[in-house]
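Trainee:
Here it is as structure tokens:
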């Protein structure tokens, strides 16, 4: 079997991008110079200067702060540029490669095999290789979640979003060539094992919104209609059984804690993230932010005092929107959202079910998690703004009808 020349890079990105490297460093960042040369050969033009020009107003303002740690600042800027180069490489790959679907399928199979092996490792002393043990929520301690070879379970779950949405849509639209029951097992098993409420919740909400926007067309498809009826029945019956017979289960405890604001992870990625962003902005400029890499510098005391930490920790804002606001201020947050909406309309995201689902997912998810150098997030954005899978295009007649109804 011939292996696509791009597949090794896809494998590294999905499975071993940070294995044996210091926290925060990835192989895709180390390979950025190679990617840059490849982009120049493929596209015949430079890509870094426009990015630096966009950042230049922030750089000029932030490096003049009296107490900015410039060494850390420029190291973080370099890291951001390396992430940008990787993103450009992903876009170039999507425009160049004709076998993206085959790469997706191989990643799906390999991930499924890894999941099965991880289940075996769960019961051995070597579980820490692919599982992370942590306090899940208030009242649930030492809970194991699948992370495979990434640093955290929710990051692993985010990595798989493009593959999940692709094969879920294939199944619902009857485009799948793999047996339906096996396909569903392969795409759902990782999310069951990783137990990432944030990712799963954002997938459900964004999937529901995608359905609502094209309700008339999608409901006419028998598999989708049957799936909705079956899903609603399972939800109601499952909710009834869990409420009356499994009130003290870890699932119910975490769900209740999230809804009541007692889940430390959920609260830390949402309410606390924005509150801490406001406290840090008070230290510098609310319009231009505190600067790249400065959360670790001036955020240490602020975050320690807020959480009453008595141990060493790395100061972070675990929320992409809140972190953007902290680092680049209101000007940076406005620029971020402007680019997202501009590309949404410019690339006609709504004309493709897959792209629309991805866009809605990552747009929601950025307000409740992630971070500004998260390559998994950017890959989802790129897939949302690039029409790679034409089989999910909305019919032209239905597209016109939906737009007229929306007006």
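Residue numbers (our numbering): 11 to 417. For glycine and all other residues, C-beta sits at the position ideal for the given N, C-alpha and C. A quick note: this is a predicted structure, and the numbers were derived from the prediction, not measured.
1. Given a cut-off of 8 Å on the beta-carbon distance, is the pair residue 337 and residue 301 in contact?
2. So the alpha helix (DSSP H) residue 143 belongs to, where does it begin and stop?
3. If we call anything under 8 Å between Cβ atoms a contact, is residue 303 one with residue 161?
4. Near residue 73, which residues of its chain fall below 7 Å by C-beta distance, leaving aside the five closest residues on each side in sequence?
5. Which of helix, strand or coil does DSSP assign to residue 28?
6. Using DSSP's beta-bridge definition, name the partner residues of residue 214.
7. Considering only residues of the same chain and omitting the five flanking positions on each side of residue 293, which have a CB-CB separation below 8 Å?
8. When the distance is taken between beta carbons, is residue 113 closer than 8 Å to residue 42?
9. At what residues does the beta strand (DSSP E) containing residue 156 begin and finish?
10. Reducing DSSP to helix, strand and coil, say where residue 34 ends up.
11. Just verifying my parser: in three-state terms, what is the DSSP assignment at residue 413?
12. Using DSSP with H/G/I as helix, E/B as strand and the rest coil, what is residue 168?
13. Just to check my reading of the structure: residue 140 and residue 156 have Cβ atoms closer than 8 Å, yes? What is that Cβ distance to the nearest angstrom?
14. Please go through the same chain and pick out, in chain order, the residues whose beta-carbon is closer than 6 Å to the beta-carbon of residue 386, but skip the five residues on each side of it.
15. In the DSSP assignment, find the unbroken alpha helix (DSSP H) run with residue 227 in it and report its ends.
16. Please report the distance separating the alpha-carbon of residue 62 from that of residue 321.
17. Taking 8 Å as the threshold (C-beta atoms), are residue 295 and residue 339 in contact?
18. Look at the alpha carbon of residue 206 and the alpha carbon of residue 163, and state the distance between them as a whole number of angstroms.
19. Give the list of continuous beta strand (DSSP E) stretches no shorter than 3 residues that lie fully inside the region 75-148.
20. So, helix, strand or coil for residue 384, using DSSP?
21. Return the chain-ordered list of same chain residues with a C-beta closer than 8 Å to the C-beta of residue 89, the five sequence neighbours on each side being excluded.
22. I need the straight-line Cα distance from residue 22 to residue 119, nearest angstrom please.
23. So, residue 100 versus residue 392, is the Cβ gap smaller than 8 Å?
24. With distance defined between alpha-carbon atoms, name the residue in 184, 102, 244, 218 nearest to residue 233.
25. Out of 87, 76, 52, 55, point me to the one whose CA is closest to residue 64's CA.
26. Could you tell me the distance, in whole angstroms, from the CA atom of residue 152 to the CA atom of residue 50?
27. Which residues in the same chain have their Cβ closer than 8 Å to the Cβ of residue 128, if we skip the five residues on either side of it in sequence?
28. Does the beta carbon of residue 138 sit closer than 8 Å to a beta carbon anywhere in chain B?
29. If you follow the alpha helix (DSSP H) that residue 3 is in, where does it begin and where does it stop?
30. Please identify the residue among 291, 286, 354 whose C-alpha is closest to the C-alpha of residue 328.
31. Assuming residue 97 contacts residue 364 under a Cβ cut-off of 8 Å, what Cβ separation, rounded to an integer in Å, is found between them?
32. Anyone know if the C-beta pair for residue 58 and residue 93 falls short of 8 Å?
33. Tell whether a beta-carbon distance below 8 Å holds between residue 370 and residue 275.
34. Is the Cβ-Cβ distance between residue 172 and residue 359 less than 8 Å?
35. By Cβ distance, which residues of its chain are closer than 7 Å to residue 52, with the 5 residues on each side in sequence left out?
36. Since residue 150 sits in a beta bridge, which residues does DSSP pair it with?
Mentor: By the coordinates alone:
1. yes
2. No alpha helix (DSSP H) contains residue 143, which is instead part of the beta strand (DSSP E) from 141-144.
3. No.
4. 80, 83
5. coil
6. The partner list for residue 214 (beta bridge, DSSP) is empty, contrary to what the question assumes.
7. 300, 308, 312
8. In this structure, residue 113 does not lie closer than 8 Å to residue 42 by Cβ.
9. 153-156
10. coil
11. Note that residue 413 scores a pLDDT of 48, beneath 50, so its modelled location is shaky; the value from the coordinates is reported in the next line. Correct three-state label for residue 413: helix.
12. helix
13. A Cβ-Cβ distance of about 6 Å is found for the pair residue 140 and residue 156, placing them in contact under the 8 Å criterion.
14. 168, 169
15. 225-229
16. Separation of residue 62 and residue 321 (C-alpha to C-alpha, rounded to the nearest whole angstrom) is 37 Å.
17. yes
18. Their backbone Cα atoms lie some 7 Å apart in a straight line.
19. 141-144
20. coil
21. Non-local beta-carbon contacts of residue 89 in its own chain, meaning distances under 8 Å to residues more than five positions away in sequence, involve 34, 39, 383 in chain order.
22. 15 Å
23. yes
24. Nearest C-alpha to residue 233: 184.
25. 87
26. 48 Å
27. 140, 141, 156, 158, 203
28. Among the protein chains of the structure shown there is no chain B, as only one such chain exists.
29. Past the edges of the chain, shown from 11 to 417, lies residue 3, and the structure says nothing about it.
30. 286
31. The Cβ separation is near 19 Å, so there is no contact.
32. no
33. no
34. Cβ distance not < 8 Å, so residue 172 and residue 359 don't count as in contact.
35. 102, 106
36. 147
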